[in-house]
Structure formats: C-alpha cells, structure tokens
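Scroll down for the structure; my scribbles are underneath it.
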Amino acid sequence: MSNNWQMHRRTFLRGLGTVVALPVLDSLLPTRALAATGSAAAAGFPKRVAWLYVPQGKNMADWTPQVVGENFDLPMILEPLKDHRRDFTIITGLANEQGNSLGDGGGDHARASASYLTGCHPRKTAGADIKAGISVDQIAANKIGHETRLPSLELSADGGQRAGSCDSGYSCAYQFNLSWKSETQPMNPEVDPRAAFERLFGDGTSARSKEASAKRALYNQSVLDFVFDDAKRLGNNLGATDRRKLDEYLTAVREIEQRIERAEKFPPKLPAGVVEPEMFENYGEQLRLMFDIMTLAFQTDSTRISTFIMAHDGSNRPYPFIGIKDGHHDLSHHRNDEEKKAKLAQINRFHVTQLAYFLDRLKSVKEGDGTLLDNCLITYGSGISDGNQHLHENLPILVAGSGGGATRPGRHVRVEDKTPITNLYRSMIETVGAETEKIGDSTGKLDNLFRRSA
Amino acid sequence: MAMSPSRAFSIVVVAALAVSLRGAGAEPAVARVSYEKDVTPLLEKYCYECHGNGRSKGDVALDTFKTVADVDKDHATWETVLHHVRSHEMPPEDADVQPTQAERDVIGDWIEKQLFKFDPKNPDPGRVTIRRLNRAEYNNTIRDLVGVDFKPAADFPPDDSGYGFDNIGDVLSLPPVLMEKYLAAADKILDQAIVTDPIESKVQRYPASLAQVGFNAIGDRGDGWVQLISLEEDDVAVEVPTLAAGDYLVRVHAFAKPTGGAMVGGGNNNTEDVKGKPDPTKISIMVNDAFIKDFELSTDEANPGTYEARVGLPAGRPRVRAEVRRIHGGDNELFMLNGRLGKQQPGIAFVKWIEVEGPLPAATRRYRADQLAATGEGRFTPAGERVLEKNGDVSTTINVTKEGDYILRAQAYAKQAGSETTRMQFQVDGKPVKDFDVIAMANMEPLPSQRVFSVTLLIPQPYVYEVRTHLTPGQKKFSAAFVNEFADPKNENPNLRVRNLIVQNLEVVDLSAPVITPAKPAPVEELFAKYTAPKKPGLLGRVFGQTARPAQNAAAARAIVTDFTRRAWRHPADPAEIDRLMGLYDLAEKHGDGFDASVKLAMKAVLVSPHFLFVGEPPASAATANAVQPLDEFTLASRLSYFLWSSTPDDELLGLAEHGQLRQNLEAQVRRMLASPKAHALVDNFAGQWLQIRSLDTAQPDKSLFPDYDLGLRTAMQKETELFFENVMRQDRPVFDFLTADYTFVNGRLAKFYGLPGVTGEDFQKVSLADTPRRGVLTQASVLTLTSNPTRTSPVKRGKWVLENLLGTPPPPPPPNVPDLDDKGRKLTGTLRQQMEQHRENPNCASCHARMDPIGFGLENFDAIGAWRDKDGEAAIDPAGKLTSGDTFGGAAELTKLLATKRRAEFLHCLAEKMLTYALGRGVEYYDRPALDSIVKGLEADQFKFSGLVLETVKSFPFEMRRGENPPGEVASAPAPEAPAVLAPFSIPAQTRAARVTTQSGTVASQTESPVANGAR
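Each protein sequence line maps, in turn, to chains E and X.
For the first sequence, my numbering assigns the number 31 to the initial residue and increments by one for each residue that follows.
For the second sequence, my numbering assigns the number 39 to the initial residue and increments by one for each residue that follows.
As structure tokens, then:
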C-alpha cells in the first residue's frame, strides 16, 4: 500500500488518460447494464446524476446571465465555462425555503446545506438528536442503487469537525454532510481521495487481497445466514409486536446480504494503468482529484449517483493561490463593499473553473455516439444565493449534461420565483429510473424543462 | 433471551392458569356500581362546569362519554380522571362545590374495578416488547463480556427515547445501518480481543487538511499547509486505527513563521507577553491528552522539518496530535491571559501532514496504575490513576527473559508547591535510574482575577516520561517514585498548597522482542485458558499458534463456543445452535484459518445474533405465548442486570439462574448488585434521564448575561447531581432526600457559585446546606439551569418539570395559537410574575398554568443558572405561592418540604412509576396501578430507603411476570397463525421437557406459593 503512495498523482492521471484512449474501453462499460431490462439503462448507456455543492452562494451580479434563452451571456463567474456553453443550463428562480429560519433564529449556513438535498427543515440541535430528511440522492439510491457496485458515492473536500456544535447551535453534522440516508442518519462523505478510490476499486488488485476479500465476503455471508436462521426460529414463537421488532432485524440482515451479493456481483473494475492516487498538493488539485474519481466511478458504472461538497457552507477557507487571503465566509458578508464583492466573485470563478475541468473529463469519455457527460445530469449550486443576507431563494443553479436527452442544455431558464429546488430534483432522478412522488417540500416537477420519461 | 433449556419450569403454573383464564369472565365483582346511575350524576355535579355542556377545558369533555362503551374506548382520559380525583387535584380548589370523600371513592372505585377491572386475583403484568440493547448497554455488555472497553457503540446512531427513557423496546428500532454497525463492531471487538494475524508494521500518512483542526486554526491555507497558533492551543489531530498496542513512530511535517500570530480578531499581539528575544516556535506531539515531545520548528518555509517521536499507542483509535501549546511550566502555569493558562508562544506553525509508523518490532506492555503495587500515602482516582500524596511509589514486577535494551515509561502529572518542581524517580529494584522534573500540570483552580476560556485548565495535562536502559535476565521491580514530598497549606494560592505526583500508567518496552500478538483481554484469555492446554507464560504476550494441540481442537473449540454463547446470550444455547455455530468454526478451519481465528468466526456470529442483541423473553413456545407466567430465571437475571447495571448478567447471576435459585435469592442479589461499582449505571442512565441532567449540555445560557457559566461550572453542576443521587443510592438514604436533603456535593468552583465557604480544589466533598435555602435536587443548579431559557428563568418550565418528574402529573401540551410571553402584538408589562399573571388571564391557559406557575415562582430566587438572587431586575422576588390543592408555601425550601409531606403520595407514586418504566423498558399502563400501589406500600414498610424502591420494583408483579399480546381474560381476537387460540401447554418436545422440568423442580415448587398459583386455585 505504501508503495502505491509513492507514485505521484500525475501517474494516476496519466493512467486515467491512457485508459480513456484505449479501444477496449467498451469492455469496461456496463455490459450488464446493457442487458438489464426495465431500468434506465435499457435505452443503452446508464444515466447518472450528481450534485456538486459550493458554499454561501455567489456574488449574484457576476453569476446570473442577463439574457434568458439560448443566446444567454456568460458573466464573469461563468466565463470559464465558455467551451461548454451548449452543455449546461442555468436555472434562475429556484428556492430552498426550508433553509430559512422559520422561527429558529440564526444558523443559515447549517440550514442551507441540511435542507439543500432534503427539502426539509433541520431540527435545531447541537446534540446527538439531529434530524433533517432523506435526501434526493438517497431516494434515488434506494430505487436503483442495487444495480451498481455502490448505491451512491459521497465525496467532500472538507475534513474538519464532525461532531459537536458548529453554526449558531446547529450540530456540525448539518454542515459537513449533504446526503442523508434517513432523517436522522447523514451519509458521511469520503474526504480522502485514496479512501474514495479504495471504496470504488478495492484496496489492491493483487491475487492475495482478492482472495482475502472473497473469504471475508463468504464469512460474512455465513454469519448472516446463521443469524437470519436464528431470528426466524425466534420469531416463530413471538407475538405480533415482538415479531415486528424481529422483522426489522431480518430486513436489516437481508439488506446487508444484498449489499455483499452486490459487491460480489459487481466486482471492482479498475481500468488498466490506473493506480491509487497520491496525496494532492493543494486545494485545487484536491478538487480535481475528486472529479477524476467521480469520472472513473461513472465511467466504470460503479455507481450512478454521487454528491460532492466542494467546500462546506460557512467555510472560511482563504484562497491565497489566486491572491485572496481573506476567508471565504468573511468575504461573503461583504456589506456591498465593492472590493470584497470582487474577491468573492474571484473565489466563485475559481470553483467554476474546477467545474469546467470536470466537464472536460466527462466529455473525454466516449459513450456510443456521444460522451459520458451526455448521460449525466450534474447540478452545481448552493443553498444560499446572496451570502451577505443569507437569502435562500433565487439560488445560483447550473445543470450540466442532458440526462441522455431528457433535457436540452445550452439555455438560461427562468422559472417562477420560489419554485422549490426539489422540483428540479424530482425531474432529475426520473432520468435514472427513480420516480418519486415527493422530495421534502417539492410541489411538482420541472416538466417544461424535462421530457417526461418513457 | 430466547428459548433456553430452562424455559419450561413454569409449565405447572401455566397449566393451572389455563383453568383460571377460562373462569375469569365469570368472576363476581365487588358491589356493583352503575356508570349511568351512580357515576354520571357525580360528574355532572362536579365536573361538567368545565368539562361538559359544551366546555372542554384541557380538551376533556366528560359528557361525551354517554355509556360504558364510550368510556371503554378511551382509557387514557379515564386514567387521568382517576388520578385527579384520587389526588384531589380536581375539581380545582376554587370550585364552588367539592365532592365528599365517599363520592370520590365511588368514581375512583368504579374506574379501577369496573373499567380497568383491577382484579387482585388475576392481575395483568403487561407486555414488554423485546428490545435491542441501547448504546450504553451495548458498550457495558461488551466491556463485561469480552473485556474490551473502547465504547464500540460510540458511532451507532443515537437511540430514540420513549416515556423519558432510552431503553423502551417499542421505540428502539433497528435500521439496516445499525445492522451494518453491529457487523463491523463485532469485527472490531474480536479483532482487538483475539489478534490472529501477525501485525505488520505500516506507514499511515494523514494530510493536515483532512484532519480535525483546532478551534482557532484557519485550516488549509490553500496548499495543504494548515496554520496553528498557540492562543487556543491549536492542533491537528488524527484518529489512528491501531491493530495492536505497541510502540509507534509519529512524524510531523512542519515549519514556523517566527513572527506574527496575531490571528484572532485582528488585534491580538502575541508579543505582549513575551519579554526579550522571542523564543523559537515549538510544536508538541501528543497522544490523546498526553504530551510526548516538543520540537523547535524550522523557520525556513522552503525546508520544512520532519519531526519524529517514539510513542506507545494503545489498541483502538488513539488520537495523535500535533499541537502548538502555550508555554507551560513553573510560573507560566499561573500566568493567565485571555482566560487561558500559560504564555502564548510567538509565531505561527504550519503543519502539512502527520505520519504514524508501526507497530515497531518491540513488545510494549502497559500497566494501568490501579493494577500496580503502590506504597506510601495516596489514593486511586475513579479513572484508575494513583495520586502519590507523600513519598512513595507505584511498581510492577517484570520478568526479563533475556538480556537487552528496554524502554521504561510513565505517564504522569503533578500538583506543584514550594520552590522545587515535583520530582519522579524511575527505579529498578530500588536503584535510581533517572529523575524527572514533572511539570505536567494537574487541573487548576482559577484565581479570583482569572477567567476561564480554555478547557485545558480543567483537565490534567499529563506528560510521558521515559528512559532507555539495559536489563539482565531475572525478576525486576520497575517503580516510579515520588521523592520530594512537600506541603504549604497556608499558601494563599490554592494551586500551590500541596505537591503530589499522579501516575496514570507505566509502560515497559522490550526492544529485542519481535512483533508479538497482543495478549487477549482477561475474560477472553480466561475463556481460552479454561479449555485449552496450558502454555508457557511470557512476559509481554504470547507467540502465535500455541493455544491448543490440533487433536483437541474441535472439542476445545466447542467448549469455548458453548461457554461464550451462554454468557453472551445470557442463557445456555440449544445443542443444535452450538452445532450450527461449530459449522462456522469448521468453515474457517477449512479455509486454512488457525484455531483462534476459527473460534473467532463463531464468536462473531454469537455477537450479531438476535439472542445477543435483543433483551426480552419469547415464550417457551407459541402455545403459551399469551399465558401469564413467571419469567424464567435466565430472563429474570437479564432483566435484573440491565435494570441495575445496564449490562449483562455476571457469572453469579447466570449460575443461580441455571440452578433455579435466583428467585429464592432475589433480595440478596439485588443488594449485592446495588453495592457493585457497576450500579453506577443507575446514576448515568436512570438518574440522568429521570432528572434530565443528561440534557444539561444542550442548555445554552446567554454568555453576556451569565458569564459565570462555562464548561467548568456546567461539569460541576452535573457532577453534583450525579454524586448526590449516588449518595442516596450507596448510603441507602430515604428517597425523600431527593426533595429535602440539607446536604449536597460541591467542589471549589460550585461552592463559590453557591456561596458556601471552606471548599476549594477540584475534588467534590459533601457539605451541609442547613444554613442555606437549598434543599434536594430541585434547588440544584443543574436542574434549575436545564429548566430555564437562555436569557431568563422559566417558571413554567420549572413547574412543568416538577409536575412531570416529581409529582407524575404532567400538564397537557399548550393549545395551538397561544401567544407566548414575548408576543409583540400584546405588550405584557411588569415583573416576570406580573407578566405571567396577565398571560394566565387567558382562560385557555389558566387551568394548567395554575398548576405549573406557582411551583415555578417558588423557585424564582434562583436565576437561570441556579445562582441565588433576591431581585429580578429591580423588582423584589416574591417566592410565596399556593398549589391548586390549596397548600401554601413561603419559598423554595418550604415548597420542597410540602412536596415531601402533603404531596408525598404523588411523589412516591411518580418515583415508582419512573423506576418501573426504566426497569421494564415499557411505558406504565393503567393496569400497573396495583403494582405501583404495592411498590409504594412496600417502600413505606422499608422506611422509604432507596434499596426498598429497587427491591419493591424487582418484586413487583410486572417485573417478575410476563404475558403475550393479549391481557389475561381476553381471548386473542386475531390469533397469529403460529399461535393457536387454544392453550396447549404441553406442546414442548417431550424429551427436552423432561430434562428441563427435573432441573427446575425446586423452582416449580416455590412457584406454587406465588400469587399466580394462588389465583389459579
């Protein structure tokens, strides 16, 4: 393991590049998915969805295009995306109402991120009794997660505090997680690119470790068989209430078994020449490394659902490598100081530059006549628009890719003010075959933006 | 839990019961009272004014209950009616007419006897849902069963609570994520208990930008360098998974900028407390809270340094830290700036990564101080540290098998006094090896001029001291001695009055040893030793694969698995279940695993099985599912130990259960268990939830209004209530002490806060409150704080707390759309009391607030963090009041006395109800009323002693008995497919039954004396 570490990240990237160029590429691609019926993959290549989160909104004047429609302009923050302008849609008017105080006082950063994918108003608590809601990615993972090695992949570029109190009496869990498996159970994201890589491709490719992991799977299966049987016998004599408790147990065992089966059914598919990443040198490289990993995850169909916290809401990280020594959060409270607003816009632009890199990578992978990006829907945005006032409406939202033709990118669209952003999510996850009636505060779908799925 | 071979001892009883159940419906009742003819007219006369004829105060309209059938649909309301009528809570004292006692009895008796069918001959024990272990129980169980004490449940999702407690089967759920945690926890626990693979040394590097960073650290400045300054003692911390305890190398990659450091608030110049030429910036490598080594940092950004220290790490997930500490030692310890101890270091440190390599090829053994021999005056702290108060030592004997180099280590800290620093001397066989000046500080008490911001003041800051030495073979005694005792009791600074050496542990590192398998924790070691061939004892652990000779393997494995299963499942497993477990052993062996690893796989299944994870009792068979029957003794043992210890039954309990002798020895066992240190679980889990002090850490008093309130005070408040409860329990005091005790426990900080003279230091001591207005829990700062709002007291919350937790008459939730006190539309004026009286003019609110508010106002002399006050702002406080029952009081002390006298019955009932809820793991129902009455009665006969409360709870019908889904006397309306409606008590396989009945004959005989058996005749 430590040997791999010594290899430089460039080796990893070069490896990736090599793979992309290989003609055997199709063998990496989801033959199983092609064969699957009734899923979103039936049409050909699987569809993927991802959410990329950036904190405390934008300097909105430098984000929102003046022109609505196809001939939209690219303000300063969006300018790095000029080569991709036919591949994304800017949506103006969406809101994250559950991020508002609603009587709970301060804590907009915690609420912004906790409600962003859940559409639910988080419980104000610094204690262990955290509560928000199930997030859109997990709703989708519950429906289609069984079709891939990992139901979903959660990434973050922010380590730091995970327990205790962060923003104005809110548990840190609200700011350092985006994805929620249930209303009380956040999905802790992977912050270490190596750990994320290992989740996708195992901790090594040697025969010995393959054998060891097969043995581990067999042992776990056998243990689960034993306890499943145990629980069934036990249940025979129980009354209805006790049996319900035991049913929870049996259901849980079943789910873990399915997970193990899934891991066996979908063994890691590490493209040849790609090696475990080395430690990154700086923040930009860290972001790009995570984007490489997400690209690999989608390319190899190891998962179809991902979230990435590029920085947590409330982050006060400085950006000295682009000449900004002030903290991001401090700058977001610019009080209309033009100099601070300009610096804030620079930070916003830096993040968009990294997004451009990600779109580049997705487009470099061919899928049929198109690219991997064509089969994705990637939402890039924030749970706050104006960070100075902590506004949760008119959010800066960009959706890249077309979800396999489900939507027509290359536009600036204005939707009715205060349209719940969860309406967008409902449309998004339909493209991966995860229809749902409700996500948090959703009131419908964005039907005029997305074609109804077949 | 589960179908143990002992289950069937109750067969005789069950058979008898079957008869009684059939006859139950025909049982002639007491003199017949008619609801329509006798009860309704009384309700009309005394209750309808508020609860009828279109009025429904508190959402109760009694005239809607026209017939018995109506009443039967809503037992909850009638339980409240019963309670209020019996306690004279209703009609309210200002009602025009009051019923006579005889009239109250007519209503009460009708509800009890005819509605709830309380039948002393055929009581209902209620149904307890099987429940999974909660987090505390899981941790304790693993601690007692496997001897691994690293709180494996710490990352389990939080447990839901019901009825005020987190051990309620109906609300404890088991989502898939928890199952995943159970599997992972079983692996972690057993990997630590039974190490089977040779541990390979490896290098783990953690980027600082992904690590946890201190409060003040700016974090990654963009290129992976995390910057730290010493103002808040910033650190970069990583949790390192260590497969085995041993020696590791910790490396930190860092450099410093020697100037600057004014990072907080922009204007804080660090140089102000550094005189002359600035010292170089230093970084400290630490493990958890212990300091290992300091390094002067390179000041060349182009050439950062890599700094390395050798440390002993425990197995588990120790926290390895690189910290920029303030400058400590000597006078610096007394130097406070910005509420922080020690001098601020100059400069800013930058850290890129932390690397941990190991375990090193050496054998490290750690000895906790309380496992060592000690001489001289001193004591052990609850954490197991040895406090050497006078010259003396702690020592261990080491068996040196071969000549070589060894590292001797001690982790220690000190209290300072006099001109010398506290000195510790390492000795081998009494001969000095090295002396150390122990500057590591004990917790300190802030001086009057000093404010506390940093928690480092309040927790000891141990250092690790070590020496490398050459030892020759033979038995050696390694001791750490305190050699310069000193006291200066008159020193005006309380931190400088005694010199003490406090030793936390000793470590011996055999540098010549190969990497070894760490020893198993004691319970597992004993388990393996019991059934396998003896092996040569080694000094520092054991070599692989010597546990058992192959020929005996299968038999030994079976014996180990059988024994372990019995203890883990809290009852013996069926031979068939052992067969299946041995299938796992065989599977592992077939795959080439060694003996230990194969046994381990079977043990893993044991720890993930529902028999381990669920507590409760399934019936012996579906046939007897609904019968009222005594708990079998194994289940009784579990119920008892999870009640009193929040943990698994020990060998003694299981042994008694096995021989059917637990019931006969119940009282002796309860007393033994209460005397055990494990009974501290009652403080953490029962008192913590009953009195709600667990939630004290969520109280957030406003910092500008209550500057006194900080971590130190909060911790002291919580500790006071815990010690107070523990004292009532350990000294077996009357339960009225909870209300009226004129003593409590304080340390220096809390004594000052309460205005009690003569107590200094961190240690708590018992003090008299006779001359103060404080009495019992109600006037303890913990309770007063958690029942307040951040900026002011809340008489409503305090009143509600008393009604809920001391009197057992919780008020209903407020009706919707009621303006609260701060409502801007309708300005309320005057003192808080006057404002609330205006609020109470709203008739919707009046009836409940009339019960809550007067109690709360009685406590108004205590502010929102429990400090005494005579005035609220400018207005003088009037703590006098009157309860709805008409009883008056002049202030807090009288109020508590009133609760313990005139409201004694309600208090005792409430206490019994809370304890029964906790003991059973289910909510208390109307049919538990006779049981509660009997607990209260028994408690009275026991002179109200705490042990009486516990004993009476344990002896109560619901604790000792069980039933299935349906109450006695009712036929299952929709029988489960597996459960035949007709009782067939003899459906247990004959062959096992015979065996079980004989082994349990003693119990069966004794059971015939039980009330159930009597009722059956």
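Ideal placement from N, C-alpha and C gives every residue a C-beta, glycine not left out.
Between the Cα of residue 630 (chain X) and the Cα atoms of X:761, X:235, X:260 and X:223, which residue gives the shortest distance?
-> X:235
Beta-carbon of residue 488 (chain E) versus every beta-carbon of chain X: anything under 8 angstroms?
-> Any answer about residue 488 (chain E) is impossible in this case: the structure gives chain E only from 31 up to 484.
Please name the residue or residues paired with residue 406 (chain E) in a DSSP beta bridge.
-> Paired residue(s): E:78.
Just by C-beta distance, which residues in the segment 331-346 of chain X are closer than 9 angstroms to chain E?
-> none
For residue 431 (chain X), count neighbouring C-beta atoms within 10 Å of its own C-beta (all shown protein chains included) and say buried if the count is 16 or more, exposed if not.
-> buried
So which residues of chain E does residue 1078 (chain X) contact, with C-beta pairs closer than 8 angstroms?
-> Nothing about residue 1078 (chain X) can be read from this structure; chain X reaches only from 39 to 1055.
Buried or exposed: which applies to residue 707 (chain X), given that a residue is buried once 16 or more other Cβ atoms fall within 10 Å of its Cβ?
-> buried
Quick one, which of X:468, X:591, X:480 and X:462 has its alpha-carbon nearest residue 474 (chain X)'s?
-> The residue with the shortest Cα to Cα distance from residue 474 (chain X) is X:462.
Per DSSP, residue 537 (chain X) forms a beta bridge with which residues?
-> Residue pairing for residue 537 (chain X): DSSP places it in a beta bridge opposite X:524.
Would you verify that the beta carbon of residue 646 (chain X) is, or is not, closer than 8 angstroms to some beta carbon of chain E?
-> yes
What are the start and end residues of the alpha helix (DSSP H) that includes residue 217 (chain E)?
-> Per DSSP, residue 217 (chain E) belongs to no alpha helix (DSSP H) and is neither H nor E.
Enumerate in chain order the residues of its own chain whose CB-to-CB distance from residue 433 (chain X) is below 7 angstroms, with the five nearest sequence positions on each side excluded.
-> Closer than 7 angstroms at the Cβ level, and outside the excluded window around residue 433 (chain X), lie 410, 411, 515, 516 and 517.
Taking Cβ-Cβ distances shorter than 7 angstroms, what residues in chain X pair up with residue 299 (chain E)?
-> Correct list: empty, because the minimum Cβ distance to chain X is about 24 angstroms.
Within 8 angstroms (strictly less), CB to CB, does residue 212 (chain E) reach chain X?
-> yes
Identify, in the order they occur along the chain, each residue of the same chain with its Cβ nearer than 6 angstroms to the Cβ of residue 220 (chain E), setting aside the five sequence neighbours on each side.
-> 185 and 226
Which partner residues does residue 263 (chain X) have in the DSSP bridge list?
-> Checking the DSSP bridge columns, you'll see residue 263 (chain X) has no partner listed.
Alpha-carbon spacing of residue 471 (chain X) relative to residue 419 (chain X), whole angstroms = 27 angstroms
Please name the residue in E:421, E:371, E:382 and E:408 whose C-alpha comes closest to that of residue 457 (chain E).
-> Nearest C-alpha to residue 457 (chain E): E:408.
Length of the line joining the Cα atoms of residue 472 (chain E) and residue 213 (chain E) = Going by the C-alpha atoms only, they are around 16 angstroms apart.
Where residue 838 (chain X) falls, given that 16 or more other Cβ within 10 Å makes a residue buried = buried
Can you find a CB in chain X that lies within less than 8 angstroms of the CB of residue 312 (chain E)?
-> yes
Other residues of its chain near residue 521 (chain X): CB distance less than 8 angstroms, five sequence neighbours each side excluded | 429, 461, 462, 463 and 473
Just by C-beta distance, which residues in the segment 118-140 of chain E are closer than 7 angstroms to chain X?
-> none
Looking at the unbroken beta strand (DSSP E) that takes in residue 427 (chain E), where does it start and where does it end?
-> Looking at the DSSP string, the run of the beta strand (DSSP E) that includes residue 427 (chain E) is 427-430.
Between the segment 952-961 of chain X and the segment 193-206 of chain X, are three or more C-beta pairs nearer than 8 angstroms?
-> yes
In chain order, each beta strand (DSSP E) run of at least 3 residues that lies wholly inside the segment 291-351 of chain E = 335-339
Three-way DSSP call (helix, strand, coil) for residue 905 (chain X) in this model = Looking at residue 905 (chain X) - three-state DSSP - the assignment turns out to be coil, as it is neither helix nor strand.
Within its chain, find whatever has a CB closer than 7 angstroms to the CB of residue 292 (chain E); leave out the 5 residues flanking it on each side and keep chain order.
-> Same-chain partners within the cutoff: 176 and 179.
CB contact check: residue 179 (chain E) to chain X, cutoff 8 angstroms = So, not an interface residue.
Figure out for me which residue from X:559, X:905 and X:384 has the closest Cα to the Cα of residue 317 (chain X).
-> The closest CA to that of residue 317 (chain X), considering only X:559, X:905 and X:384, is found on X:384.
Could you name the residues of the same chain whose beta carbon sits closer than 6 angstroms to that of residue 600 (chain X), not counting the 5 residues immediately before and after it, in chain order?
-> 616
Counting contacts by CB-CB distance shorter than 8 angstroms, is residue 218 (chain X) in contact with chain E?
-> Yes, its Cβ sits closer than 8 angstroms to a Cβ of chain E.
Note down, in chain order, each residue of its chain lying with its Cβ closer than 7 angstroms to the Cβ of residue 680 (chain X), except the 5 sequence neighbours on either side.
-> 175 and 653.
Could you run through the segment 344-361 of chain E and flag, in chain order, every residue whose CB is less than 7 angstroms away from some CB of chain X?
-> 347, 348, 349, 350 and 351
Taking three-plus beta-carbon pairs below 8 angstroms as touching, is the segment 425-435 of chain E in contact with the segment 86-98 of chain E?
-> yes
Name the one or two DSSP bridge partners that residue 543 (chain X) has.
-> X:406 and X:449
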